[in-house]
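J.: Chains as they are written, first to last, in this note's numbering: chain F, 10 to 303; chain U, 10 to 303.
For every residue, glycine included, the Cβ atom is placed at its ideal position computed from N, Cα and C.
Number of protein chains: 2
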Amino acid sequence: MTLLDGRKVSNDIKNEIASEVDQMRARGEKVPHLAAVIVGNDGASLTYVASKVKACERVGFESTMVRLPHTTSELELLQKIKELNTNESIDGFIIQLPLPPQINTQKVLMTVDPSKDVDGFHPENFGKMALDMSTFIPATPFGILELLERYKVETNGKHTVVIGRSHIVGRPMSILMGRKGWPGNSTVTLTHSHTKNIEEITVQADIIISALGVPNFLKAEMVKDGAVIIDVGITRVPDDNHPKGYVITGDVDFENVSKKASFITPVPGGVGPMTIAMLLKNTLIAREQRKNKD
Amino acid sequence: MTLLDGRKVSNDIKNEIASEVDQMRARGEKVPHLAAVIVGNDGASLTYVASKVKACERVGFESTMVRLPHTTSELELLQKIKELNTNESIDGFIIQLPLPPQINTQKVLMTVDPSKDVDGFHPENFGKMALDMSTFIPATPFGILELLERYKVETNGKHTVVIGRSHIVGRPMSILMGRKGWPGNSTVTLTHSHTKNIEEITVQADIIISALGVPNFLKAEMVKDGAVIIDVGITRVPDDNHPKGYVITGDVDFENVSKKASFITPVPGGVGPMTIAMLLKNTLIAREQRKNKD
Numbered sequence: 010m011t012l013l014d015g016r017k018v019s020n021d022i023k024n025e026i027a028s029e030v031d032q033m034r035a036r037g038e039k040v041p042h043l044a045a046v047i048v049g050n051d052g053a054s055l056t057y058v059a060s061k062v063k064a065c066e067r068v069g070f071e072s073t074m075v076r077l078p079h080t081t082s083e084l085e086l087l088q089k090i091k092e093l094n095t096n097e098s099i100d101g102f103i104i105q106l107p108l109p110p111q112i113n114t115q116k117v118l119m120t121v122d123p124s125k126d127v128d129g130f131h132p133e134n135f136g137k138m139a140l141d142m143s144t145f146i147p148a149t150p151f152g153i154l155e156l157l158e159r160y161k162v163e164t165n166g167k168h169t170v171v172i173g174r175s176h177i178v179g180r181p182m183s184i185l186m187g188r189k190g191w192p193g194n195s196t197v198t199l200t201h202s203h204t205k206n207i208e209e210i211t212v213q214a215d216i217i218i219s220a221l222g223v224p225n226f227l228k229a230e231m232v233k234d235g236a237v238i239i240d241v242g243i244t245r246v247p248d249d250n251h252p253k254g255y256v257i258t259g260d261v262d263f264e265n266v267s268k269k270a271s272f273i274t275p276v277p278g279g280v281g282p283m284t285i286a287m288l289l290k291n292t293l294i295a296r297e298q299r300k301n302k303d
Numbered sequence: 010m011t012l013l014d015g016r017k018v019s020n021d022i023k024n025e026i027a028s029e030v031d032q033m034r035a036r037g038e039k040v041p042h043l044a045a046v047i048v049g050n051d052g053a054s055l056t057y058v059a060s061k062v063k064a065c066e067r068v069g070f071e072s073t074m075v076r077l078p079h080t081t082s083e084l085e086l087l088q089k090i091k092e093l094n095t096n097e098s099i100d101g102f103i104i105q106l107p108l109p110p111q112i113n114t115q116k117v118l119m120t121v122d123p124s125k126d127v128d129g130f131h132p133e134n135f136g137k138m139a140l141d142m143s144t145f146i147p148a149t150p151f152g153i154l155e156l157l158e159r160y161k162v163e164t165n166g167k168h169t170v171v172i173g174r175s176h177i178v179g180r181p182m183s184i185l186m187g188r189k190g191w192p193g194n195s196t197v198t199l200t201h202s203h204t205k206n207i208e209e210i211t212v213q214a215d216i217i218i219s220a221l222g223v224p225n226f227l228k229a230e231m232v233k234d235g236a237v238i239i240d241v242g243i244t245r246v247p248d249d250n251h252p253k254g255y256v257i258t259g260d261v262d263f264e265n266v267s268k269k270a271s272f273i274t275p276v277p278g279g280v281g282p283m284t285i286a287m288l289l290k291n292t293l294i295a296r297e298q299r300k301n302k303d
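#1: For T169 of chain U, which residues of its own chain have a beta-carbon under 6 Å away from its beta-carbon, when the five flanking residues on both sides are left out?
#2: Could you check if N301 of chain U is buried or exposed, using at least 16 other CB atoms within 10 Å of its CB as the buried criterion?
#3: If you count every other CB in all the chains shown that lies within 10 Å of the CB of E97 of chain F, and 16 or more means buried, which is it?
#4: Measuring only the C-alpha atoms, how far is M283 of chain F from S60 of chain F?
#5: Does the stretch 252 to 269 of chain F come close enough to the stretch 229 to 240 of chain F that 3 or more CB-CB pairs lie under 8 Å?
#6: Hey, is the stretch 289 to 299 of chain F in contact with the stretch 63 to 72 of chain F, meaning 3+ C-beta pairs nearer than 8 Å?
#7: Quick one: what does DSSP say M142 of chain U is sitting in, helix, strand or coil?
#8: Taking 8 Å as the limit between beta carbons, can you name the residues of its chain near K91 of chain F, skipping five residues before and five after?
#9: Is the Cβ of N194 of chain F closer than 8 Å to any Cβ of chain U?
#10: Which of the three DSSP states, helix, strand or coil, is assigned to Y160 of chain U?
#11: Which residues in chain F have a C-beta closer than 7 Å to the C-beta of A214 of chain U? List them in chain order.
#12: Buried or exposed for S143 of chain U, going by 16 or more other Cβ atoms inside 10 Å?
#13: Excluding sequence positions up to five away, which residues of its chain have a Cβ less than 8 Å from the Cβ of L154 of chain F?
#14: Distance check for E83 of chain F and V48 of chain F, CA to CA, integer angstroms please.
#15: List the residues of chain F that Q115 of chain U touches, going by C-beta distances under 8 Å, in chain order.
#16: Looking at T164 of chain U: is its Cβ nearer than 8 Å to the Cβ of L156 of chain U?
#17: Measure the CB-CB distance between V75 of chain F and V46 of chain F and report whether it falls below 8 Å.
#18: Taking C-beta to C-beta, are A27 of chain F and G69 of chain F nearer than 8 Å?
#19: Tell me the start and end of each unbroken beta strand (DSSP E) in the stretch 163 to 195 of chain U that is at least 3 residues and wholly inside, in chain order.
#20: Which chain F residues sit within Cβ distance under 7 Å of T200 of chain U?
#21: Within a Cβ cutoff of 6 Å, which residues of the same chain sit near N94 of chain F, ignoring the five residues on either side of it in sequence?
#22: Based on DSSP bridge pairs, tell me the residues matched to V197 of chain U.
#23: I'd like to know whether the C-beta of G187 of chain F is nearer than 8 Å to at least one C-beta of chain U.
#24: Give me the Cα-Cα distance between A139 of chain F and G136 of chain U, rounded to the nearest whole angstrom.
#25: Hey, S72 of chain F and L43 of chain F are a contact pair by Cβ (cut 8 Å); roughly how many whole angstroms apart?
#26: Against E158 of chain U, what residues of chain F qualify as contacts under a CB-to-CB distance less than 7 Å, listed in chain order?
#27: Report the rounded CA-to-CA distance for G152 of chain F versus L13 of chain F, giving the unit in angstroms.
#28: Taking its Cβ as the centre, do 16 or more other Cβ atoms sit within 10 Å of H176 of chain F, making it buried, or is it exposed?
#29: Taking CB distances under 8 Å as the criterion, tell me whether G137 of chain U reaches chain F.
#30: If contacts are defined as beta-carbon pairs under 8 Å, then G190 of chain F and G15 of chain F qualify, I think. What distance do you get, rounded to the angstrom?
#31: In the DSSP assignment, what are the bridge partners of F102 of chain F?
#32: Have a look at K268 of chain U and N50 of chain U and give me their C-alpha separation to the nearest angstrom.
#33: Does the stretch 235 to 251 of chain U come within contact of the stretch 203 to 219 of chain U, defined as at least 3 CB pairs closer than 8 Å?
#34: So is D31 of chain F buried or exposed if we call it buried at 16+ other beta carbons inside 10 Å?
#35: Measuring alpha carbon to alpha carbon, tell me which of U:V178, U:K253, U:Y255 and U:I243 ends up nearest P275 of chain U.
#36: Measure how close the beta-carbons of V178 of chain F and V241 of chain F come, nearest whole angstrom, since I'm counting them as under 8 Å.
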C-alpha cells in the first residue's frame with residue numbers, strides 16, 4: 010500500500026512555484042498577484058483566506074486580502090469585483106464562500122472575469138473543462154489529478170467511482186476522470202444521495218473518489234483488493250481527547266480500507282493540502298497568460 | 010414493450026410551438042427568428058439546414074439561411090457572427106458543422122453570443138448546464154430528456170449507462186441524467202472507447218443511452234430484462250434493396266433487444282426527429298428571454 014502524501018506533494022509544488030517566481034523576479038518581471046475577497050466574519054472562512062495569503066507569501070506571490078463587512082450589499086460586492094476585473098496588477102482572485110444571505114452567489118461568480126477566475130467556478134471555465142478545452146480547473150479536482158500524476162497511478166480503462174455530485178468536487182471529478190488523456194480515460198460512475206445499493210457499485214471500482222462528507226462512510230467490505238482510494242471528506246468530529254476538541258475525519262474507514270488499497274490518501278494530509286497548492290498553480294498560470302497577452 | 014415514438018412526440022412539440030407562435034402573432038408580438046449559417050456545399054449539411062428552415066416555416070418562425078462560400082476566411086465568418094449577435098431581429102442562430110479546414114471551429118463557437126446560442130455549444134452554456142443553472146441544452150440530449158418525460162420513464166435512483174463521450178451527446182447526457190430532479194437523479198456510468206468489458210457494465214443498466222455510431226453494437230445479451238433503451242446512433246449502411254442505396258441503422262440490434270426492453274427508441278423515428286423539435290424549442294425560449302429583457 011502506498012500513501013498518497015498530499016503534504017509532501019503540495020510542498021514540492023510550492024517549492025517549484027517559488028523557484029519559478031524567483032526566476033521571474035530575477036528577470037525583472039511582474040510576479041503573480043492573487044486577491045481574496047471575504048465578506049463578513051465567519052471564523053472558518055477567515056482561517057481559509059489567511060492560509061491562502063500565507064501560502065502566497067511562502068512562494069513569493071503578491072497577495073491582497075479584501076475584507077468587506079457582513080452588511081455589504083450585492084451591488085457593492087459586484088462593484089468591487091468589477092474593480093478587481095480591471096485592476097491590471099491583479100492576475101487572479103477568489104471570492105471566499107459562503108456569502109451572506111443578501112447576496113446572490115451565482116450572480117457574483119458570474120461577474121468574475123473568466124481570465125482571472127482562478128477558482129474555476131465561472132460557468133465559462135467549467136464548460137471549457139467539460140469540453141476538453143484548456144482552462145482553470147477547480148483547485149480540489151486539480152489537486153487530485155496532480156496526486157494521481159505524481160504517483161503514476163494508472164487511470165486508463167479503469168473503472169472510477171465518484172461519490173457525491175457537488176459542483177466543486179464530485180461533478181468536475183467525474184468529468185475529468187473520463188476525459189481523453191492521462192489522468193483520465195476512465196470509465197466513470199457518478200453516485201450520489203439517490204444511488205441505490207452503492208456498495209454493489211463501489212466494490213467494482215478500481216479507483217474510488219469519495220466527496221460525501223460522511224465520516225467513515227466507506228468500509229473495507231465496500232472496496233475490492235488493490236483499489237485506489239481518494240478521500241476528499243473533511244468532517245470535524247467532536248473528540249475531547251484533542252486540544253481543539255475535534256478531529257478531522259475523512260469519508261473512508263482508513264484503518265481497515267488501507268489494508269486492501271494499493272494507493273490511499275490519508276485525512277488529514279492527503280487531498281486537503283493539495284487544494285491551496287493548486288490555487289497557487291492556477292494563479293501562476295493566470296500570470297503567464299496575462300504576460301503572453303501583453 | 011413501449012416504443013418511444015420520436016416522430017409522434019416531435020410532431021406534438023411542433024404543434025405546441027406553432028400554437029404558441031399563433032398566440033404571439035395574435036397579440037401583435039414579434040415571432041421567433043432562427044438563423045442558420047452554412048459554409049460551403051457539403052450535401053449532408055445542406056440537407057440538415059434545409060430541414061431546419063422547413064421546420065421553422067412549419068411552426069411559423071421567421072428563418073434566415075446565411076450561405077457562405079467554402080473559401081470563406083475565419084475573419085469573414087467571425088464578422089458575420091458578430092453581425093448576427095447584434096442583429097436585434099435574430100433571436101437565435103446556429104453554425105452548421107463541420108466547417109472548412111481554414112476555420113477554427115472552437116473560436117467560431119466561442120464568438121456566438123451565449124444568449125443566442127440555441128445549439129448550446131458555447132462553453133458558458135455548457136458550464137451552466139453542468140452547474141445546474143438554466144440555459145440552452147444541446148438539442149439531442151434535450152430531445153432525449155423530453156422523450157423520457159413525455160413517456161413518464163422513471164430515472165430516479167436508476168443506473169443509467171451512457172455509451173460514447175462526444176461533446177454533443179454522450180458527455181452532456183451523462184451530466185444531465187445525474188442532475189437533481191426528473192429526468193435525472195440517476196446513478197450514471199459514462200463508457201467510451203477505453204472502457205474494458207463494456208458488456209459487464211451495460212448488463213447492469215436500467216437505462217442505456219447509446220451514442221457510439223457502430224451499427225447493431227448493442228446485442229440482447231448485453232442488456233438486462235426490462236431495460237430502457239435509447240439509441241442515438243445514425244449510421245448509413247449500404248443496402249442495394251433500398252432506393253437510396255443505404256439504410257439508417259442505429260447502435261442497437263433492435264429486433265432482439267426490443268424483446269427484452271421496457272421502452273425503446275426505433276431508428277429511424279426515435280431520437281432523430283426530436284433534435285429539430287428541440288432546436289425550435291430553444292429558439293422559442295431565446296425569443297421569450299429577449300422579450301423579458303426589453
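T.: Let me lay it out:
#1: M186, S195, V197 and I216
#2: exposed
#3: exposed
#4: 13 Å
#5: yes
#6: yes
#7: coil
#8: T120
#9: yes
#10: coil
#11: Going along chain F, no residue has its Cβ under 7 Å from A214 of chain U, so there is no contact; the nearest lies around 11 Å.
#12: exposed
#13: I146, L185 and P192
#14: 11 Å
#15: M142
#16: no
#17: yes
#18: yes
#19: 168 to 172
#20: T196
#21: D122
#22: F:L199 and U:T169
#23: yes
#24: 7 Å
#25: 5 Å
#26: Per Cβ cutoff of 7 Å: no residues; E158 of chain U is ~17 Å from chain F at best.
#27: 11 Å
#28: exposed
#29: Gly is not the amino acid found at residue 137 of chain U; the sequence shown has Lys there. Yes, contact with chain F.
#30: In fact, because the Cβ distance is near 22 Å, the residues do not count as touching under 8 Å.
#31: F:A44
#32: 42 Å
#33: yes
#34: exposed
#35: U:I243
#36: 5 Å
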